[in-house]
Amino acid sequence: MKFEQLYFFKEAVKYNSISIAAEKNYMSQSSVSYAIINLEKELGTELLKRTNAGVTPTQTGELVLQKTEDIFKAVDEIVEMTKEQRDAGEVKITSIPCICDWIIPKALQRLKERSADIMLSITTAESSQVAHDVSSGISEIGILINYGELERNTDLRYTPLFRDEYMLYVGKSSPYWEKDSIAYGELANAPYIAYRDEFKKYNGGLTNMIGPDRPPNIIFRTDNLDSIKSMITHNDYVAFFPRYMSENDVYVQSGLIKRLPISNKSLAFEVGYVESVKYKPNKIDRIVLNVIKETVKKIKNISQAEE
1 MKFEQLYFFK
11 EAVKYNSISI
21 AAEKNYMSQS
31 SVSYAIINLE
41 KELGTELLKR
51 TNAGVTPTQT
61 GELVLQKTED
71 IFKAVDEIVE
81 MTKEQRDAGE
91 VKITSIPCIC
101 DWIIPKALQR
111 LKERSADIML
121 SITTAESSQV
131 AHDVSSGISE
141 IGILINYGEL
151 ERNTDLRYTP
161 LFRDEYMLYV
171 GKSSPYWEKD
181 SIAYGELANA
191 PYIAYRDEFK
201 KYNGGLTNMI
211 GPDRPPNIIF
221 RTDNLDSIKS
231 MITHNDYVAF
241 FPRYMSENDV
251 YVQSGLIKRL
261 PISNKSLAFE
271 VGYVESVKYK
281 PNKIDRIVLN
291 VIKETVKKIK
301 NISQAEE
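What follows is the structure, given as structure tokens:
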């Protein structure tokens with residue numbers, strides 16, 4: 001009996017099809033079928049019911065499948081255990097977008113300095129989706145804006161990292177360029193570029209903060225933050241961006257974009273990280289979390305010294 005025989009059997013049950021199992025694993029259908037047939041011969045029993053509609057496990061097949069899944073789970077645990085011993089592995093993070101420009105690059109540098117062989121796999125999303133990804137086990141760590149509904153999610157443990165506030169980005173073509181601040185009501189007619197579902201649904205971020213107030217005059221949507229900033233520099237478009245998380249923004253540093261505080265509305269918020277209470281973090285997850293916290297602390301100290 002070989003591992004690959006058990007694996008192909010498990011895959012055939014997963015997809016209810018030998019041909020699809022073969023396709024998903026970049027194998028020929030005949031090779032997968034041959035491996036399963038040989039497994040059945042070795043065990044002296046039929047494991048799959050084969051029909052025109054696909055394959056399903058027999059009663060014995062169900063028992064073998066359960067043991068097979070236990071075997072592969074144990075193999076995965078062995079691999080993870082050995083990776084942990086040498087500070088190696090992959091950590092999946094779902095994060096609000098601005099973190100990727102502000103904290104993650106510096107965190108990666110700190111991991112490199114520690115000689116940790118850790119790969120970060122990062123997906124960007126709005127805060128509500130970040131919470132969902134961690135709660136469902138898609139990601140080990142989530143970095144998000146603390147929003148009202150978060151405290152009702154009993155699957156997550158939340159820890160604050162820092163506070164920030166939204167400011168309005170304007171370019172030199174904007175009639176607001178000479179202003180030092182702006183009232184929220186003045187944005188009624190300003191051409192606004194929205195990021196993803198901003199002001200379309202309550203997603204745990206800026207939309208929640210604006211609440212029932214009239215949303216900006218949205219004329220364009222995109223999921224590319226750099227495109228938003230580029231369009232602002234060339235036209236009279238405006239958009240909201242976080243103050244501290246965009247502190248080192250090249251457009252701001254070069255003077256192509258000016259940031260205006262909202263004078264009559266608080267757009268302050270707290271950013272933190274969430275962990276699942278259902279899925280226990282391993283050593284590698286802890287290393288990454290500690291590095292992120294150290295990075296945030298260092299950046300905060302630098303910012304406070306400059307103010």
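So the sequence shown is numbered by full-length UniProt numbering: it starts at 1 and just counts up by one.
In this text, a Cβ means the ideal position worked out from N, Cα and C, and glycines have one as well.
Shown here for residue 16: same chain residues with a beta carbon closer than 7 Å to its own, the five before and five after excluded, namely 54, 55 and 56 in chain order.
Apart from sequence neighbours up to five positions away, the residues of its chain that approach residue 60 with a beta-carbon distance below 6 Å are 45, ordered along the chain.
Distance between residue 18 and residue 35, taken at the CA atoms: about 11 Å.
Contact between residue 161 and residue 272 holds, with the beta-carbon distance rounding to 5 Å and staying under 8 Å. Assignment of residue 45 by DSSP, reduced to helix, strand and coil, places it in the coil class. Looking at the DSSP output, residue 90 sits in a beta bridge with 119.
In the structure shown, residue 205 adopts coil according to DSSP, grouped into three states. Rounded to the nearest angstrom, the gap between the Cα atoms of residue 110 and residue 119 is 13 Å. Taking the C-beta atoms as reference points, residue 39 is found no nearer than 8 Å to residue 3. Here residue 154 is exposed, its C-beta having fewer than 16 other C-beta atoms within 10 Å. Residue 13 and residue 63 have their C-alpha atoms spaced approximately 12 Å apart. In the structure shown, residue 110 adopts helical secondary structure according to DSSP, grouped into three states. If the five residues before and after residue 233 are omitted, its C-beta is found closer than 7 Å to the C-beta atoms of 171, 251, 256 and 257, all from its own chain and listed in chain order.
When secondary structure is reduced to three states using DSSP, residue 164 falls in the strand class. A residue is called buried when at least 16 other Cβ atoms come within 10 angstroms of its Cβ; residue 96 meets this threshold and is buried. Rounded to the nearest whole angstrom, the CA to CA distance from residue 245 to residue 68 is 47 Å. At a Cβ-Cβ threshold of 8 Å, residue 94 and residue 142 count as neighbours. The region 292 to 299 and the region 187 to 207 do not touch, with fewer than 3 CB-CB distances between them shorter than 8 Å. Residue state for residue 217 is assigned as strand, using DSSP reduced to three classes. Judged by DSSP in its simplified three-state form, residue 275 adopts strand. If you draw a straight line from the Cα of residue 227 to the Cα of residue 28, it comes to about 44 Å. Short of 7 Å from the beta carbon of residue 215, and not among the five residues preceding or following it, lie these beta carbons of its own chain, in chain order: 199.
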